[in-house]
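According to this note's numbering, the residues represented by the sequence shown are 1095 to 1758, in order.
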Amino acid sequence: MLTRPSMSRALLRAGAPSFVLAWGSTFFAPRLLSEIGSIWVGIIAALVIWMLTSARLWQRSWARALSLGTTFIGLAPTLLVSATRPGPAFLWALGFLLGGYWLLWLQESEPPDRGRWASTAVGASLGMVAVWLSEVIAVAPPTLGMSVVGASILAALALMGHCLWRCGQAPRELAGLGVVLALTGPLLLAVGASVSLAMSLWALVVILLTLRLWALDRPVTDPEAHWWEPVAANPARLLAATFLATCMVGGLFLAIPQASTHSIDLIDAFFTAVSATCVTGLVVLDTASDFSTVGQLIILALIQIGGLGIMTFSTAAFLILGKRLSMRHEGAIAQLIGERDRGQITDALRLILIVTFASEALGALILSTLWWLEGLSPSRALWEGIFTAISAFCNAGFALRSDSLVSAQNNPAILMTVGALIAVGGLGPAVVASLPRWWRGRSTSLHVRIVLTTSVLLWGLPAIFFFFSEAAHSFENLTLFDRIFNALFQSITLRTAGFNSVDFTLLHPGSVLIMIIAMFIGGSPGSTAGGIKTTTLALLFLVVKSALANQSEVEAFGYRIPQQTIFRSAAIATVGAMVGVVMTLALLITQHMPFMVAIFETLSALGTVGLSIGGTAMLDNVGKIIVMLAMFIGRIGPLTLFLLLASRPPRAGWNRPTRGLPVG
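What follows is the structure, encoded as structure tokens:
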């Protein structure tokens, strides 16, 4: 059980090097006081108050008020530079909110020894991560930043070693840690890696050890259960953990010199990894020119893993090797792939893999042939065909051409092939497998009917709008024939894929608004697409229809929709809108960006679309962190929320009296 005092002390110790070095440099760099000194002074002052307030005083209002006041006063100086340095101002607001949450809602308890050590490990890891992020987003000067991170990592590792020793896990864990630290340094120096990359890898070691100690603190119900079972048994935790781990490992791989054609910043490597893993497509570097073939292969692997999910691959490997899944693993996978019958997991996974690889192979063959006919060499045409086919099916939007598909705007065969891959990936394997039955007019599930009906409308209506609104703008130099295909292509890609065949700087404002709405909607459940999903939109419209018709139930295609499903769709849409507002506000506060550009960038990230009207190029390091967070939330958020809601049993209680409430 995690507790406040142990975590606070460890957080202070791991962050103390930043405090000492930052204040020691303020005599020579007064600007540092505003940028990093005031942030850490506020955090450390609050932690001092937290440590001085014992458990006996914790429930007293004056102690909490004093702690909150100290937090506010310590972080307030960042407001002085909010106009010229909006990044620290955003960090001030974030730190204040987190401090308030920590004070008011985290409950105090007396843990056993192992729980206290786990809390210490988590606190040390949080302090180290905070210092590491301050260096990654360039809040501190480079020399000071690396010194701070190095000292903080050493402090965190010392706390980790002490915790592991006291937990009785010292021989194996400390030996493994020693091997990792001993080998990574020479290996990184041998390949010419930067000190920043080495620091990031060591920071990852600290985080992994934190997870190990946290697992030791969990109650053991199965003596044969592994340490990762608390995560693997919960679908929401499993989804978030696998995506986070993939993003971090991918970022470290992209940061090695062999992955790029020139030296790239660590934050740009992580931004690209998050964008690829979350199948978004927003880029701060040119995939075609800034990354080598090795880097492009890494990006392609991240796209494929992110599109299908690492658990899909791992489960498929288990089944291929003939190994039996544990009951927890079966339950988690069944919820992640949307299969209620655990006995059908094998068939469902087989369908997912067949539809995925068959579609990608066919698309790669067609695209490679088309580009070869355009004059590319066979090897180059094959590589571009494979890369684009996988990127399109996974709705990632990465391309090996700097202009995306603008150069193919006069080639309808390429546009329609890529569009078909995007559509198939956005529908999901279950819907694709039901297409023959639907086409022949046979009975299909309610899910398939709603997805296909909604998708056809969302493909057709925006295409008609674009055809007319862009006639004097981005379609001005196109023939009538090309306008039709480009309008349809943009209608397909804008909801989740991120390819573009026209210059987005020439778009009509009305088209931009339609794109923002479409990006928020996204694709269909069970697919590689993002957004709130087509079924959520359909249910909300059906609710409105029932309300206007004064009906007490919501119906679709002769079926009654359960009230619980309606509640979930409303929750997903509402939470998605709230997150969009918060992320847009964060960009407006920290970046010099017009409102329309900020909201477009936010919903492109949350919807894992990858389209941009110039906002990505305006991002500083703080803005990149915000967009990375938005991409991660957009990829796992709606599904994680659904899994959390689905995992909670309905709460029994008294039947409350019913009262009407005026609305509207």
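Where a beta carbon is used, it is the ideal one built from N, C-alpha and C, also for glycine.
Residues that residue i bridges to, as DSSP identifies them
i: phenylalanine 1385; result: Ser1354
i: alanine 1643; result: Answer by DSSP bridge pairing: none, since alanine 1643 is not bridged.
i: alanine 1650; result: Tyr1653
Reference residue i, options the options, closest by Cα
i: threonine 1628; options: Met1342, Leu1755, Thr1547; result: Thr1547
i: leucine 1402; options: Phe1487, Ala1507, Val1388; result: Phe1487
i: alanine 1339; options: Thr1387, Thr1482, Leu1396, Thr1381; result: Leu1396
i: alanine 1334; options: Phe1726, Thr1752, Ala1442, Phe1492; result: Phe1726
i: isoleucine 1586; options: Gly1491, Ala1442, Thr1538, Ser1462; result: Gly1491
i: glycine 1400; options: Leu1679, Gln1352, Val1373; result: Val1373
i: phenylalanine 1385; options: Ile1484, Leu1360, Leu1476, Ala1353; result: Ala1353
i: isoleucine 1484; options: Leu1499, Pro1506, Phe1451; result: Phe1451
i: valine 1716; options: Met1677, Asn1505, Gly1728; result: Met1677
i: glycine 1701; options: Met1712, Arg1753, Leu1588; result: Leu1588
i: alanine 1724; options: Asp1714, Ala1711, Ser1698; result: Ser1698
i: isoleucine 1608; options: Ala1557, Leu1642, Ser1640; result: Ala1557
i: asparagine 1571; options: Val1545, Ser1605, Val1500, Leu1582; result: Val1500
Environment of residue i [buried if 16+ CB atoms lie within 10 Å]
i: valine 1638; result: exposed
i: serine 1646; result: exposed
i: aspartate 1597; result: exposed
i: leucine 1467; result: exposed
i: alanine 1612; result: buried
i: glutamate 1695; result: buried
i: phenylalanine 1337; result: buried
i: aspartate 1362; result: buried
i: threonine 1599; result: exposed
i: asparagine 1594; result: buried
i: proline 1603; result: exposed
i: glutamine 1398; result: buried
i: phenylalanine 1347; result: buried
i: asparagine 1644; result: exposed
i: leucine 1379; result: buried
i: phenylalanine 1364; result: buried
i: valine 1550; result: exposed
i: glycine 1708; result: exposed
i: phenylalanine 1579; result: buried
C-alpha distance - residue i paired with residue j, whole-angstrom precision
i: methionine 1672; j: isoleucine 1615; result: 14 Å
i: alanine 1502; j: valine 1648; result: 44 Å
i: tryptophan 1532; j: isoleucine 1626; result: 24 Å
i: valine 1526; j: glycine 1469; result: 33 Å
i: isoleucine 1392; j: phenylalanine 1635; result: 41 Å
i: glutamine 1584; j: histidine 1567; result: 14 Å
i: valine 1370; j: leucine 1755; result: Looking at the sequence shown, residue 1370 is not valine but alanine. Distance between the alpha carbons of alanine 1370 and leucine 1755: 46 Å.
i: leucine 1705; j: alanine 1591; result: 8 Å
i: isoleucine 1460; j: glutamine 1685; result: 42 Å
i: arginine 1543; j: threonine 1463; result: 35 Å
i: alanine 1524; j: isoleucine 1446; result: 8 Å
i: phenylalanine 1561; j: leucine 1574; result: 9 Å
i: serine 1176; j: threonine 1511; result: Bear in mind that a pLDDT of 48 at serine 1176, under 50, signals an unreliable position, so the model cannot answer this.
i: glycine 1344; j: alanine 1297; result: 15 Å
i: alanine 1442; j: serine 1563; result: 42 Å
i: methionine 1342; j: alanine 1367; result: 8 Å
i: isoleucine 1448; j: alanine 1455; result: 10 Å
i: alanine 1349; j: serine 1357; result: 8 Å
i: serine 1663; j: proline 1351; result: 45 Å
i: leucine 1552; j: methionine 1222; result: 46 Å
i: lysine 1718; j: tyrosine 1653; result: 45 Å
i: arginine 1474; j: aspartate 1497; result: 17 Å
i: arginine 1750; j: glutamine 1657; result: 17 Å
i: tryptophan 1465; j: alanine 1458; result: 10 Å
i: alanine 1565; j: isoleucine 1247; result: 57 Å
i: threonine 1381; j: isoleucine 1660; result: 41 Å
i: serine 1621; j: leucine 1521; result: 6 Å
i: glycine 1375; j: glycine 1728; result: 13 Å
i: aspartate 1576; j: phenylalanine 1569; result: 9 Å
i: alanine 1692; j: arginine 1536; result: 45 Å
i: asparagine 1489; j: alanine 1252; result: 44 Å
i: proline 1506; j: phenylalanine 1651; result: 35 Å
i: arginine 1753; j: isoleucine 1610; result: 38 Å
i: leucine 1115; j: glycine 1479; result: Since pLDDT at leucine 1115 reaches only 45, below the 50 mark, its modelled position is unreliable, and the value read off the structure follows with that caveat. In a straight line, the C-alpha of leucine 1115 is about 52 Å away from that of glycine 1479.
beta-carbon residue i near the ligand ADP non-hydrogen atom, thresh 7 Å
i: threonine 1628; result: Ligands in the displayed structure: none, and consequently the ligand ADP is not present.
### Message
Runs of 4 residues minimum, wholly inside the segment 1518-1602: which ones carry the alpha helix (DSSP H) assignment?
### Response
1523-1533, 1540-1563, 1574-1587
#### Entry: Sequence ranges, alpha helix (DSSP H) only - wholly within the segment 1438-1491, length at least 4
Within the segment 1438-1491, the complete alpha helix (DSSP H) runs of at least 4 residues are 1439-1467, 1472-1487.
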